[in-house]
Each structure stands twice: as C-alpha cells, then as structure tokens.
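Below: the structure, in structure tokens.
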DNA sequence: AAATCTCTTTCCAGCGCTGTACATTATCGG
DNA sequence: CCGATAATGTACAGCGCTGGAAAGAGATTT
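Residue numbers (the working numbering), protein chains in the order written: chain A, 5 to 351; chain B, 5 to 351.
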C-alpha cells in the first residue's frame, strides 16, 4: 500500500516532484494548485490536492525563498528580550508582522557594540527581507558606515543617520511633560534616575535634556547631585542608586525615571526607607509597561504609542523593501503621560 | 574604478561567482576560503580574501541552506512573548542557541488552538532544524497526530505524547512544596488562584493537584470555594478574581498562585482591600520571574531551574536533529521555592 | 473544415551555494 | 631522478522551488 511508504522509517521529505508523479502531472501544476492559481481545471485540482494530502506534502520554504528572492522574514534587533518594554514591543511587532505576512526573528544585542554591529554586517545576508533595529551603543556614524543595503528601520534615539529611516517619540518633549507634571504637583527637588555610570546613551541624553528644560522653565535651579547614576539597566541597579542617594542624605521630592524598571527599583528603595509615594516623593516611570499598573502604588509613566510606533516602522520598512531608495524618513509618534498613583493628577 | 561599481544605485548582491571571477579562481575555492577550509595556499587565500573584502561579499544563507539542508535555526513556540516567564525563557533560549550556533525564531501562539496547530503543521517546513514548543491548548493526542517529523521538544505539562521528547518540572511536587510551606507558616484556609473559567489547562491541573495533596496530607479539608477562577491569564484577571472573593466574604489566609502575574494581581487586590501580606494572607507565586523581587512585599515564588530546563531542551533537540528516532524522553528538571516576604521562612 | 482564440498544462532554466569526483601540482623517500 | 603520496584547485551536478515560454486542447468563428 502507499500508506506503508508514508510510514517509512524516515518519512523522508516529500517534494513537489513526488506529488507531481503521484498525481501524474507536472511540477508546475502542483505548484499552481499549492498557490491557488486560478486557471487549473477543477478535476485536476482535486486530483492534485488528493496527492498532496495523501503524501502530506509541505512546500520547502527555503527552496521557495531561493527561487523567489523573498524570505518573508524580518529581523527585530533589540537589546534585551526580557526587558518589559522590549518584550511588549516584540509582541506588537510579532502581531503586526503576522498581519502583514511576515515572520519575525529576534536578535538580542545585549547592548553590546559588537553584537549590534553584527546585526548590520554579515549576519543577516539573504536571511531576512528587512531589519528593524533598536540600537543602544552604535551611533549615527557607525550605522551609516555599516548599513549594507538590507532595508533597515531604526528605533529609538541612539542614532539617526540621514539616509536611514527612523521612528521614535519626542523624548525631550516627553521628559518635559513628566517634569512639568511633577512641578505642577508641587515638587521642587526633582531627581532624574537612569544615567548609566560614565556612559550616557542617546535616549537617556534626550530625556535628561527634557528634564532639565522643565526645571529651567520653572526657575528651579539644576542640581547635578540630583542626577542619579546607576550601574546598569536593571531594577536592582535603580534600587541601589536611590538607596545610596537616601543614605547620602540627599533630599528630593520627585523622581523622573528613565524607564519603568528603574522606577520599580526606586519605588522599592523609597518603600524600604520608609518614605511614602507620592506624599514624600512622587515618581514617574517611562514606557508604561504592564508593570506600571501593578506596582504599589501604581506608577505614573510616560507612554509611547506603541502600536503607532510599530505600524510606522513597518510602513517604512515595507516601502524600503518595495524599493524606495531615498533619504531617511524620520517619523515621530505620539506619547502621553499615564497618570497613576505614584504621581497623580493634581486637584 | 571598481569602487564606482560598488556604489552602484542598487549595490546589487554580490555572489560567490562574482568573487571567484574577480580573484580568478573557482567558486569552490572562494567557498573554501569563506569556510576556512585548511588546504588553501596562503597566497591564494589572501587574494581571495581581498576580492571578498573589495566586493563586500556576504554568503547568501538561503542558498547555503538549500544546498546543505541545515538551516541553523530553531523555532521557539510560546503562548505570549511578553509574559514575564516566557520572555525570560526566551532570553535564555536565545543565549543558549547562540552558544550552540543556532538562531531562534519565535512563534507566538497566544494559546490559540489553531495557531498552536500551525506550529506543528505547515508553518515550519524546511525553515528550521527543530522546534521547541510550549503548548497550552493542544493535548497529547493532537500533537501525536500532527507531529510531522521535524525534530520537536515539548515544554510544559499540557501534552506529552509517548514518541515526543519533553521537558518539565514536577508541578505536583512543586505545588505540594508551596502548599506545605504555607501550612507550615500556620495558614489553614489556603486558596488556589489561576483556574481559567471552565477550561483547566494541563499545567494548572497538576498544580491544583499538588495543592490539594498538600491540604489532604495535613488533614485540612478541601473547600472548592477556595479555588479561585480567573477569566484569563493576566494580572488584571487575577486581581478581579481575588477582589471578588473578598467581596463575597471569602475568608482565607494563604494563596497559591498559578503564576507570578496572578500573584501580583492578588497582592494588589489584598493591598487595595486593606489586608496585609503576609500577616493576614500569605502569597506564593510561580515562575520566580524578576517581578517577584520587586513587588511590595516581595514575592515568594516557585522557581523552575530555567537554565537547566533550557539546556535539557536543547540537548534533546540536538539529539533529534542528529538523527535520534527513538521513543520520547521525558526529563524533569529541578525547582525550588524562593522564599521572600510574601510568605517568609517560618522561624 | 480550416483558422483563430483562449484556457490549461508542461518544459526547463535558473536562484546561490556546497559536496563529490576528478585534475593538477607539490613533496618526498628510496 | 622516478613513482607514489599528499596537498591544492576545478568542474559540475544537484538542493526544491518558481517564472516565463511554449506547447496542447478545446471552443468559437468564418
């Protein structure tokens, strides 16, 4: 019986030509059936479909790719897949990709300059149709130099070469919003948490700038001591940073955090030291990850419009894939400040 | 100049044969250089390398795959990429994959039976060398039927067909540990949070079982009312479930949660209702995600040995890829109970 | 009944790379 | 200084699929 062939020890891969032979037609006809090409006689279509089912045929995607030149995959390169912001972003990306008929392969750069470089250089050749990349360490020039021709869209603020497309939120404005909000709530000694020891990244720089602008326009003097430094991008480091500030005797009544992870570190540090939020210290996070809704108190947070960001990135990327070769487009998507308990609306 | 060719409008893809022509050698020699094949005369190697550099040649991975039959990629299919447990798992997977020379493509099933089926059926054909799959809805039989020959390793407890490899922790034992710990702390009215309305999944079933065993062995009567039902797998649903229980007037002094997300929902519900943790109610989470260390109070949580789990899954998968065809191996990796404030060590 | 169309189906040349088989030197002991 | 062994290099047939050209088969027209 033919079934026995199917259940052969290795169930060897069934190819187009196997189906063709069984159905007594040409490979191309089978291919036409697989692709629902309209001009196939119904009787033949049925016969071919039967052969496909009987053999359990699955097209080999690699071969298809080689033949068509399209891979149907895009790479998403992010620093850390388990950072809440990036995992939420990944989820949106994966869903949008599915909607648009792509699949996503995720590259983790760990904010390592070499791994970031690898994203742009040899790694992806012919593997993906395009790359969406959120750099942390690489700067404008590095990227301009390496950009090899694969359609590319950049995320974040670290780099923005003239020729490359780019999507971000207005970080300065967002930080300004956050700072103004704290000022309006009566804070006067506002700290900024999230500078990484001796190595300020592009995004942080802009957020810090917005924070400073906010203070200046309210005539609150800048105090460099209020810029808290952390060792790395973790909640733990945020906690330590704030704890040390408290132990140093720093006085402050508000904190703008570079991201939600730092913010939950800060909340814990404040809680552990017996300060209450927002009464003693108001806290604003950044990214509006799901964490923000579940901390105690809940966390006011800068909320980038993630779905808009994802859609914009895909729009640009698809235009590049379709052949657009012009200068880089730089799109800014909206943001809002999600008010919660840690820095509530002022009455 | 040759440079102008490089900077041509489209920087057309450079192929092996282009390099070969420029260097005046055969394609195979270039290929040998690319692969650092030892028997290539140093002088030639240098010449070829120069041609590679000059043209900026990158091997086309799709073509390589078609020729070799290996893709160097594995698929990781998980319910939700932004569930903390899965994003942490993904990170470990990505890192282990890199270490072993693979790249990971992540499939999100959203716990949807159709998407889960798609993982096993047509989607991955010829795209990946193997699949690591954490099913939620598909059960043993569904999987056994669809398992198409691509090397496959299952995670979790939802399904375990005889022929398929499988890695998990001992959920019954872990739930038993958690329950015993609460009992030892003096709890007597212990709830279980995490059954999804009218549709209990494999993992939940086992955890529930361990919880019940724990109560029985301590001669604490089972109260079905103490099994709290949630609408879906979110912190929000956990919060609502606990809040409703409180409003119904349920009395309880401990909660074993099906995962950390439910646990933070529970913590918030308890906090909002004025109960203090662990004094009034002790709480145990599950998965020991980074959240557990940053809630207030911090969360005692069942901790699967994630790195062991990842390593075991890869070991099994690589054996399958290497050709192992035998019956399924079922490996159980260790777990522990990470004690934190929400259910501290008893004096 | 021949000529013309239109719809179906087949043929076959790649896509870019690798593996195998073979051709061509170099190297070396005797 | 020769044949044998090892070291290098080349040729070319696939891997499985698709796209376009061309052939075959009916249907329609004159």
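Note that CB positions come from ideal geometry on N, CA and C, so glycine has one too.
Under the three-state DSSP convention, the category residue i falls into
| i | result |
| --- | --- |
| residue 9(A) | For residue 9(A), the pLDDT reaches just 38, beneath the cut-off of 50, and the residue's location in the model is therefore unreliable, although a value from the coordinates is still provided. Three-state DSSP puts residue 9(A) in a helix. |
| residue 235(A) | coil |
| residue 140(B) | coil |
| residue 352(A) | Any question about residue 352(A) goes unanswered here, given that chain A covers just 5 to 351. |
| residue 43(A) | coil |
| residue 24(B) | helix |
| residue 198(B) | strand |
| residue 31(B) | helix |
| residue 18(B) | coil |
| residue 150(A) | helix |
| residue 207(B) | helix |
| residue 341(B) | strand |
| residue 349(A) | coil |
| residue 169(B) | strand |
| residue 269(B) | helix |
| residue 2(A) | There is no way to answer for residue 2(A), as the model of chain A reaches only from 5 to 351. |
| residue 159(B) | strand |
| residue 175(B) | helix |
Residue i Cβ short of 7 angstroms to the ligand SAM heavy atom set
| i | result |
| --- | --- |
| residue 304(A) | Here there are no bound small molecules, and the ligand SAM is not part of this structure. |
Within 8 angstroms, strictly: CB atoms of residue i and residue j
| i | j | result |
| --- | --- | --- |
| residue 246(B) | residue 270(B) | yes |
| residue 325(B) | residue 86(B) | no |
| residue 242(B) | residue 249(B) | no |
| residue 63(A) | residue 81(B) | no |
| residue 34(B) | residue 49(B) | no |
| residue 336(B) | residue 174(B) | yes |
| residue 140(B) | residue 205(B) | yes |
| residue 332(B) | residue 166(B) | yes |
| residue 107(A) | residue 109(B) | yes |
| residue 286(A) | residue 264(A) | no |
| residue 321(B) | residue 136(B) | yes |
| residue 26(B) | residue 53(B) | no |
| residue 76(A) | residue 186(A) | no |
| residue 345(A) | residue 301(A) | yes |
| residue 239(A) | residue 298(B) | yes |
| residue 83(A) | residue 113(A) | yes |
| residue 93(B) | residue 309(B) | no |
| residue 208(A) | residue 260(A) | no |
| residue 339(A) | residue 178(A) | yes |
| residue 117(A) | residue 142(A) | yes |
| residue 200(A) | residue 237(A) | yes |
| residue 188(B) | residue 304(B) | no |
| residue 294(B) | residue 46(B) | no |
| residue 262(A) | residue 211(A) | yes |
Evaluate the contact criterion for the segment 149-169 of chain A versus the segment 221-237 of chain A: three or more CB pairs, one atom per stretch, below 8 angstroms. They do not touch, by the three-pair rule.
Check distances from the C-beta atoms of the segment 319-337 of chain A to those of chain B and list, in chain order, the residues that come in under 8 angstroms. Against chain B - using a Cβ distance shorter than 8 angstroms - the residues of the segment 319-337 of chain A are 329.
Chain-ordered residues of the segment 271-284 of chain A with a beta carbon less than 8 angstroms from chain B: Residues 271, 272 and 275.
If contact means a Cβ-Cβ distance below 8 angstroms, which residues of the segment 289-300 of chain A contact chain B? So the close ones are 294, 295, 297, 298, 299 and 300.
Touch test, the segment 251-259 of chain B against the segment 195-207 of chain B, Cβ-Cβ under 8 angstroms, three pairs minimum: The segment 251-259 of chain B makes contact with the segment 195-207 of chain B: 3 or more CB pairs, one atom from each, lie closer than 8 angstroms.
Is the segment 101-110 of chain B touching the segment 278-294 of chain B, taking contact as three or more C-beta pairs under 8 angstroms? With the cut-off at 8 angstroms, the segment 101-110 of chain B and the segment 278-294 of chain B do not touch.
Counting Cβ pairs, one atom from each stretch, are 3 or more of them under 8 angstroms apart for the segment 16-29 of chain B and the segment 57-69 of chain B? Contact holds: three or more Cβ-Cβ distances are below 8 angstroms.
Indicate whether the contact test is met: 3 or more Cβ pairs, each with one atom in the segment 142-157 of chain B and one in the segment 208-220 of chain B, closer than 8 angstroms. Short answer: they don't touch.
Please list the residues of the segment 65-80 of chain B that have a C-beta atom closer than 7 angstroms to any C-beta atom in chain A, keeping them in chain order. Along the segment 65-80 of chain B, the positions whose C-beta sits under 7 angstroms from a C-beta of chain A are 65, 66, 67, 69, 70 and 75, read in chain order.
Residues in the segment 80-95 of chain A having any Cβ partner in chain B nearer than 8 angstroms: For the segment 80-95 of chain A, which is checked against every Cβ of chain B, the residues closer than 8 angstroms are 84, 85, 86, 88, 91, 92, 94 and 95.
Give, in chain order, every unbroken run of the beta strand (DSSP E) that is at least 3 residues long and sits entirely within the segment 209-253 of chain B. Complete beta strand (DSSP E) runs here, min 3: 231-234.
Jot down the residue ranges of each uninterrupted alpha helix (DSSP H) in the segment 271-337 of chain B, minimum 4 residues, whole runs only, in chain order. You should have 310-325.
Per the contact definition of three or more C-beta pairs closer than 8 angstroms, is the segment 311-324 of chain B in contact with the segment 288-303 of chain B? Not touching, per the Cβ criterion.
Please give me, in chain order, every unbroken run of the alpha helix (DSSP H) with length at least 4 that falls completely inside the segment 58-109 of chain B. Qualifying alpha helix (DSSP H) stretches, in chain order: 65-72 and 88-103.
Identify each residue in the segment 102-116 of chain B for which the Cβ-Cβ distance to at least one residue of chain A is less than 9 angstroms, and report them in chain order. Of all residues in the segment 102-116 of chain B, 102, 107, 108, 109, 110, 111, 112 and 114 have a Cβ within less than 9 angstroms of some Cβ in chain A.
Using a Cβ-Cβ cut-off of less than 8 angstroms, list which residues of the segment 130-162 of chain A approach chain B; keep chain order. Answer set for the segment 130-162 of chain A: 130, 131, 152 and 153.
Output, in sequence order along the chain, the residues in the segment 51-66 of chain A whose CB is closer than 8 angstroms to any CB in chain B. If the cut-off is 8 angstroms between Cβ atoms, the segment 51-66 of chain A has 60, 62, 63, 64, 65 and 66 near chain B.
Scan the segment 228-247 of chain A for residues whose Cβ lies nearer than 7 angstroms to a Cβ of chain B and list them as they occur along the chain. For the segment 228-247 of chain A, which is checked against every Cβ of chain B, the residues closer than 7 angstroms are 239.
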